[in-house]
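Oh and the sequence shown: position 9 is 8 in numbering that gives the first Met the number 0, straight run, nothing missing.
Backbone N, C-alpha and C define an ideal beta-carbon position, used for all residues, glycine too.
A quick write-up on the structure given underneath.
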Amino acid sequence: MTSQLRIGQGYDVHAFTAGDHVTLGGEKIPHSHGILAHSDGDVLLHAICDALLGAAGLGDIGMHFPDTDPRWKGADSRAFVRHVRDLLKVSDYVVVNVDTTVICEAPRLGKYREAMRSNIAADLGINITRVNIKATTSEKMGFIGRAEGLACQAIALIEHISG
Numbered sequence: 000m001t002s003q004l005r006i007g008q009g010y011d012v013h014a015f016t017a018g019d020h021v022t023l024g025g026e027k028i029p030h031s032h033g034i035l036a037h038s039d040g041d042v043l044l045h046a047i048c049d050a051l052l053g054a055a056g057l058g059d060i061g062m063h064f065p066d067t068d069p070r071w072k073g074a075d076s077r078a079f080v081r082h083v084r085d086l087l088k089v090s091d092y093v094v095v096n097v098d099t100t101v102i103c104e105a106p107r108l109g110k111y112r113e114a115m116r117s118n119i120a121a122d123l124g125i126n127i128t129r130v131n132i133k134a135t136t137s138e139k140m141g142f143i144g145r146a147e148g149l150a151c152q153a154i155a156l157i158e159h160i161s162g
């Protein structure tokens, strides 16, 4: 049996709009704004999807879930993660780990971090110890610092297994 490790990176950003929560890692987090997006706007899950798709050479989230397709209007991004997991499985890839950084001035994510990690681990079919979520601010600089939106960066390591 041989194995091949591959790495991918992902990035997503969304603007704030009227609303009372943001969805991150599949968790609804109370906030003074909502997210302007075609789906639920979960930047954390979108960045993970792009990192995984990139690592496997399977394109990007826009190719698989275009915002021009009404099927994805308001969609739960956890379904995107499960679909990407299934695409990887068909191609004989397994997820080794994902590491992420959410960039926002607010909301504070600390008390939601473990639930987000649990959701991601469950959807990817991996141990929670293989999912890391960090959070930082932009020190009040740029559109994030002005509380106009939020972003996320993700990196993923996958392994191709062939017998």
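Pick helix, strand or coil for residue i, following the three-state DSSP scheme.
i                 : result
asparagine 118    : helix
glycine 234       : The chain is shown only over 0 to 162; residue 234 falls outside these bounds and no answer can be derived.
phenylalanine 142 : helix
phenylalanine 64  : coil
lysine 27         : strand
aspartate 163     : Nothing can be reported for residue 163, as the shown portion of the chain is limited to 0 through 162.
If we call anything under 7 Å between Cβ atoms a contact, is residue i one with residue j?
i             : j              : result
isoleucine 34 : cysteine 48    : no
glycine 7     : alanine 50     : yes
histidine 13  : glycine 148    : yes
leucine 156   : asparagine 96  : yes
leucine 87    : alanine 55     : yes
arginine 81   : aspartate 122  : yes
aspartate 98  : isoleucine 154 : yes
Among residues of its own chain, excluding the 5 on either side of residue i, which ones have a beta-carbon nearer than 8 Å to its beta-carbon?
i            : result
arginine 116 : Gly24, Ile127, Val130, Asn131 and Ile132
Please work out which residues of its chain come closer than 6 Å, Cβ to Cβ, to residue i, disregarding the five sequence neighbours upstream and downstream, and give them in chain order.
i              : result
alanine 146    : Glu104
isoleucine 125 : Val94
glutamine 74   : Inspection of the sequence shows that residue 74 is occupied by alanine rather than by glutamine. Around alanine 74: Ser38.
If residue i sits next to residue j, beta carbons under 8 Å apart, how far is it from one beta carbon to the other, in whole angstroms?
i              : j             : result
isoleucine 102 : serine 137    : 6 Å
threonine 100  : threonine 135 : 6 Å
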